[in-house]
Amino acid sequence: MAESHTEHAHHVTSDKVLNSTFLQLTGLMILTIVAARAPIDGPKLLPGFAGIFEGWSTLWFLTNAVALGIAIIKAVQVIRYFMGAQYASGLIRLYVVGGFIGFSLLYILFFDYVARPWEPVRGWENVPSTAFPRDARQDGGVPYPQFPSAKSE
Amino acid sequence: MSSHAHVADPDAPVVYEQYEDISQQQETYIVGMWSFLVTEVMMFGALFLIYSLYRWKFGHEFFIYHEHLSWQWAGLNTFNLLLSSFWMAKAVQAAQLGDHKKQIRLLWQVFACGLVFLVIKSIEWIPKFQIHLVPNNSFVWPPIDEPGLGGSPEHARIFYSLYFSMTGLHGLHVVIGMICMAVLATLVKRKSKVITDYIPTEMVGLYWHFVDLVWIFLYPLFYLIPK
Chain H
1025 MAESHTEHAH HVTSDKVLNS TFLQLTGLMI LTIVAARAPI DGPKLLPGFA
1075 GIFEGWSTLW FLTNAVALGI AIIKAVQVIR YFMGAQYASG LIRLYVVGGF
1125 IGFSLLYILF FDYVARPWEP VRGWENVPST AFPRDARQDG GVPYPQFPSA
1175 KSE
Chain Y
29 MSSHAHVADP DAPVVYEQYE DISQQQETYI VGMWSFLVTE VMMFGALFLI
79 YSLYRWKFGH EFFIYHEHLS WQWAGLNTFN LLLSSFWMAK AVQAAQLGDH
129 KKQIRLLWQV FACGLVFLVI KSIEWIPKFQ IHLVPNNSFV WPPIDEPGLG
179 GSPEHARIFY SLYFSMTGLH GLHVVIGMIC MAVLATLVKR KSKVITDYIP
229 TEMVGLYWHF VDLVWIFLYP LFYLIPK
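Quick mapping for you: the protein sequence lines, in order, are chains H and Y.
Mapped onto the numbering used here, the consecutive letters of the first sequence carry residue numbers 1025 to 1177.
Mapped onto the numbering used here, the consecutive letters of the second sequence carry residue numbers 29 to 255.
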């Protein structure tokens, strides 16, 4: 099938590509629901196979990764075929990729939150009103340094 | 789709003087639209980042809070948005091929999907206002209709703040997309001089696909949290 029309400067995505992308996206949507719900309802749905589903709750990390993985595949398909990045020029693709690289850089912020327990700061010790207190380490390996009480004159 | 009128095309795009040719002009428009979408990615990105932090901190509790949301309604909305994106891509294709009748019909179909999305969203949202799950001073956790749900009220409040701000900002984008869709369909219908080629449809399309993209991530993050 001729996907390019000489009288147009742009690429016209064929019906075949659009239809198959839509079917893929619908299939992936169903898969993501099944992947998220099956572990929970599995023993109820298939009582005879309860043993198989027992380990599921411990696989929370895996099910999270599956859900996000599917979402990323869906997003890539939408960007490639519906938004036409697959057939776009290098400059356009650079912008497409650039935005998502910029987004991933935001996650550098996690360094701060991960490291907070490592270096306690006076005045921030276990402040209950903050969602991310600079709390002491819970592993018991490193003792929490005690600051001298403020203004001990 | 190979049969086209090649002579005296009334739809022939206008090349403005600052561009070398039509392909450079169209590329410029698309790059411009994507630069705008990059800023949108960063705006939603900040919210996704905050969500990630709290999910990381209170992951197990987030599972309890999400039990009160309806994954069925949201699933229907996910399919609804996928369908609208598909029709939008078809509308762009119709615009490229100069089939304006089909293009206008598809644009209104996308508009209808947006409307269905907002109706389903209201079905989800309105009861939450009634049972005080909106994170203002009257916030109540556990919810009145499901007093058995556990978790701390402070953390539930964080979850519902994120839920309302993220789905709310997304809903606002749906509304803006629908306005663009209606304006575009009307302009095409009236054979407005503003529309000289398929590019306006492509721009609105890129925006609408972006709205769908955001929902692709919101759906598993809010409605399908694994245990």
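Just so you know, even glycine gets a beta-carbon here, dropped at the ideal spot from N, CA and C.
query, result
"Beta carbon of alanine 1059(H), beta carbon of valine 1090(H): below 8 Å?", "yes"
"Among the candidates Phe238(Y), Ser80(Y), Pro254(Y) and Tyr251(Y), whose CA atom is the shortest distance from the CA of glycine 1123(H)?", "Phe238(Y)"
"If you measure from the beta carbon of alanine 74(Y) to each beta carbon in chain H, is any gap under 8 Å?", "yes"
"Buried or exposed: where does phenylalanine 139(Y) fall if 16 or more other Cβ atoms within 10 Å of its Cβ makes it buried?", "buried"
"Quick one: is alanine 1112(H) near chain Y, going by C-beta distance under 8 Å?", "yes"
"Expressed to the nearest angstrom, what Euclidean distance is found between the alpha-carbon atoms of tyrosine 1137(H) and glycine 87(Y)?", "15 Å"
"Just checking tyrosine 191(Y) against the ligand SAH - is the residue's beta carbon closer than 7 Å to any of the ligand's heavy atoms?", "Judged by which ligands are present, the structure shown has none, so any question about the ligand SAH falls away."
"Using a Cβ cut-off of 8 Å, pull out every chain H residue sitting near tryptophan 62(Y), in sequence order please.", "Ile1116, Tyr1119, Val1120 and Gly1123"
"Taking isoleucine 172(Y) as part of the alpha helix (DSSP H), name the residues at either end of that continuous run.", "No alpha helix (DSSP H) contains isoleucine 172(Y), which DSSP labels as neither H nor E."
"Give me, in chain order, the residues of the same chain whose beta-carbon lies closer than 7 Å to that of glutamine 137(Y); leave out the 5 immediate sequence neighbours on both sides.", "Trp115"
"Does leucine 77(Y) get closer than 8 Å to chain H when you measure Cβ to Cβ?", "yes"
"Output, in chain order, the set of chain Y residues within a Cβ distance shorter than 9 Å of glycine 1126(H).", "Val66, Val69, Met70 and Gly73"
"Quick check: what's the CA-CA separation for isoleucine 92(Y) versus aspartate 240(Y)?", "26 Å"
"Three or more C-beta pairs closer than 8 Å, one from the region 156 to 170 of chain Y and one from the region 240 to 252 of chain Y: is that the case here?", "no"
"Between threonine 106(Y) and chain H, is the shortest Cβ-Cβ distance under 8 Å, so that the two count as touching?", "yes"
"Quick check on glutamine 158(Y) - is its C-beta less than 8 Å from some C-beta in chain H?", "no"
"With 8 Å as the threshold, decide whether the Cβ of leucine 1042(H) is near any Cβ in chain Y.", "yes"
"Determine the direct distance from the alpha carbon of glutamate 48(Y) to that of threonine 195(Y), and round the result to whole angstroms.", "42 Å"
"Judging by CA-CA distance, which residue of Gly126(Y), Tyr82(Y) and Arg83(Y) is the nearest neighbour of aspartate 225(Y)?", "Gly126(Y)"
"Going by DSSP in three states, proline 181(Y) sits in which element: helix, strand or coil?", "helix"
"May I ask you to report which of helix, strand or coil DSSP gives alanine 119(Y)?", "helix"
"One question on the structure: do leucine 110(Y) and methionine 1107(H) come within less than 8 Å of each other, judged by their Cβ atoms?", "no"
"Are there 16 or more other CB atoms within 10 angstroms of the CB of proline 228(Y), so buried, or fewer, so exposed?", "buried"
"Is the beta carbon of histidine 198(Y) closer than 8 Å to that of tryptophan 243(Y)?", "yes"
"Hey, how far is the Cα of threonine 1050(H) from the Cα of phenylalanine 107(Y)?", "7 Å"
"Residues in the same chain with beta-carbon distance under 7 Å from leucine 210(Y), minus the five sequence neighbours each way, listed in chain order, please.", "For the sequence presented, residue 210(Y) should be read as alanine rather than leucine. These residues qualify, in order along the chain: Phe139."
"Output yes if chain Y places a C-beta closer than 8 Å to the C-beta of phenylalanine 1106(H); else output no.", "yes"
"Report the rounded CA-to-CA distance for isoleucine 58(Y) versus glutamate 182(Y), giving the unit in angstroms.", "44 Å"
"With 8 Å as the threshold, decide whether the Cβ of glutamine 46(Y) is near any Cβ in chain H.", "no"
"In chain Y, what lies closer than 7 Å to leucine 1049(H) by C-beta?", "Leu110"
"Enumerate in chain order the residues of its own chain whose CB-to-CB distance from threonine 1082(H) is below 8 Å, with the five nearest sequence positions on each side excluded.", "In this prediction, threonine 1082(H) scores a pLDDT of 49, lower than 50, which makes its location untrustworthy; no coordinate-derived value is stated."
"Run down chain Y in chain order and give the residues with a C-beta less than 7 Å from the C-beta of alanine 1095(H).", "Ile244, Phe245 and Pro248"
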